[in-house]
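Numbering (this note's numbering), first residue to last: 1161 to 1365.
Below is one structure, written out as structure tokens; the observations come after it.
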Ligand SMILES: [Zn+2]
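So, in structure tokens, the structure goes:
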């Protein structure tokens, strides 16, 4: 390996340059940086966006009808799109499994950052609408609730209200972790597929 400082040709895997003593081992961020393949990451992002649009067309009406939990729907779509995007990244520009994992992870980070802004805005708007509907229905709700013992009713009400944001928050955290796992798995799976295709080709030739 050639020393970037003085140009001395060192043996591979030496930690310091024999001539000038420069540290030749890259730090964690430099190593991560040199393994990122931007072309592969953007190819993965492009495919992820396609999957996102496709999923919205396929399942969007189901989600809007309320047949499934919105957070679960969002999680399913995100995991699917990042996994397929990761496979694309792995196939386009990764050499080994570690490479595929790092690039897949990086791809899901970018996808989540972009989507985070969009989803954050949508959630803020829908929460605002939900809050105004709830406050508009409040007089009606309290008149029907008065038929049950009031101490029981208020207790159960405040309980579910205070736990609801916590559940949503936890679901969000789980979804984010799953998205990163899906990106990393997709990336290395893409490398696995590419290697498999190469082997099959070599066997056929
Ligand atoms: Zn040197």
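The beta-carbon is built from N, C-alpha and C at its ideal position, and this holds for glycine as well.
Hey, how far is the Cα of residue 1266 from the Cα of residue 1201?
Here residue 1266 refers to the residue found at position 106 when the chain shown is read from its first residue. Here residue 1201 refers to the residue found at position 41 when the chain shown is read from its first residue. Spanning the alpha carbons of residue 1266 and residue 1201 requires a straight line of approximately 7 Å.
Just to confirm my understanding: we take residue 1243, look at its own chain, exclude 5 residues before and 5 after, and list those with CB closer than 6 Å. What are they?
The sequence position of residue 1243 within the chain shown is 83, counting from 1. Scanning its chain for C-beta atoms nearer than 6 Å, with the 5 sequence neighbours on each side dropped, one finds around residue 1243 the residues 1342, 1346, in chain order.
Comparing alpha-carbon positions, which option in 1240, 1296, 1280 lies nearest residue 1213?
Your numbering for residue 1213 matches position 53 in the chain shown. Comparing Cα positions, the closest option is 1240.
Segment contact flag, the region 1231–1239 with the region 1181–1199, C-beta cutoff 8 Å, min 3 pairs:
No, the region 1231–1239 is not in contact with the region 1181–1199.
Using the three-state DSSP reduction, which class does residue 1170 fall into: helix, strand or coil?
Within the chain shown, numbered from 1, the residue matching residue 1170 stands at position 10. In this structure, DSSP gives residue 1170 a state outside helix and strand, which the three-state scheme calls coil.
Residue 1171 beta carbon near ligand 1 (any heavy atom closer than 8 Å):
Here residue 1171 is taken as the residue at index 11 of the chain shown, counted from 1. For residue 1171, the shortest C-beta to heavy atom distance toward ligand 1 is 8 Å or greater.
Using a Cβ-Cβ cut-off of 6 Å (strictly less than) and excluding sequence neighbours within five positions of residue 1324, which residues of its own chain qualify?
Translated into positions along the chain shown, residue 1324 becomes position 164. So the list is empty, once near-sequence residues are dropped.
Excluding the 5 residues preceding and the 5 following residue 1290 in the sequence, name in chain order all residues of the same chain whose CB lies nearer than 6 Å to its CB.
As a first step, residue 1290 must be located in the chain shown, where it is residue number 130. Contacts found: none.
So, using beta-carbon positions, are residue 1252 and residue 1338 closer together than 9 Å?
Locating residue 1252 in the chain shown gives position 92, counting from the first residue. Locating residue 1338 in the chain shown gives position 178, counting from the first residue. Annotated as distal: residue 1252 and residue 1338, with beta-carbon spacing of 9 Å or more.
Relative to the C-alpha of residue 1268, which candidate in 1349, 1249, 1218, 1173 has its C-alpha closest?
Stepping through the chain shown from its first residue, residue 1268 is reached at position 108. If we check each option's Cα against that of residue 1268, 1249 comes out closest.
Taking a contact to mean a Cβ-Cβ separation below 9 Å, would you say residue 1238 touches residue 1275 in this structure?
On the chain shown, position 78 is the one that residue 1238 refers to. On the chain shown, position 115 is the one that residue 1275 refers to. In this structure, residue 1238 lies near residue 1275, with their beta-carbon atoms less than 9 Å apart.
Do the CB positions of residue 1264 and residue 1352 come within less than 9 Å of each other?
Counted from its first residue, the chain shown places residue 1264 at position 104. Counted from its first residue, the chain shown places residue 1352 at position 192. Contact: no.
Could you name the residues, in chain order, whose CB is less than 5 Å away from a heavy atom belonging to ligand 1?
For ligand 1, the selected residues are 1163, 1165, 1166, 1168, 1177, 1179, 1180, 1182.
Report the start-end ranges of each alpha helix (DSSP H) in the region 1176–1208 that is 4 residues or longer and not cut off at the edges.
Counting whole runs of 4 or more residues, the region 1176–1208 contains the alpha helix (DSSP H) stretches 1188–1195.
7 Å Cβ shell around residue 1222 - same chain, five flanking residues per side excluded:
Sequence index remark: in the chain shown, residue 1222 carries index 62 (1-based). Counting only residues of its own chain and dropping the five nearest sequence neighbours on each side, residue 1222 has a CB closer than 7 Å to the CB of 1228.
Buried or exposed, going by whether 16 or more other CB atoms sit within 10 Å of the CB of residue 1349?
Translated into the one-based positions of the chain shown, residue 1349 becomes position 189. Buried, by the Cβ-count rule.
Look up residue 1258 in the DSSP assignment and say whether it is helix, strand or coil.
Residue numbering aside, residue 1258 sits at position 98 when the chain shown is read from its first letter. It is helical.
Express the C-alpha separation of residue 1196 and residue 1188 in angstroms, rounding to a whole number.
If you number the chain shown from 1, residue 1188 lands on position 28. If you number the chain shown from 1, residue 1196 lands on position 36. Each residue's alpha carbon lies about 13 Å from the other.
How long is the line joining the alpha carbons of residue 1272 and residue 1166, rounded to whole angstroms?
To locate residue 1272, count along the chain shown from 1; it is residue 112. To locate residue 1166, count along the chain shown from 1; it is residue 6. Answer to the nearest angstrom: the Cα atoms are 42 Å apart.
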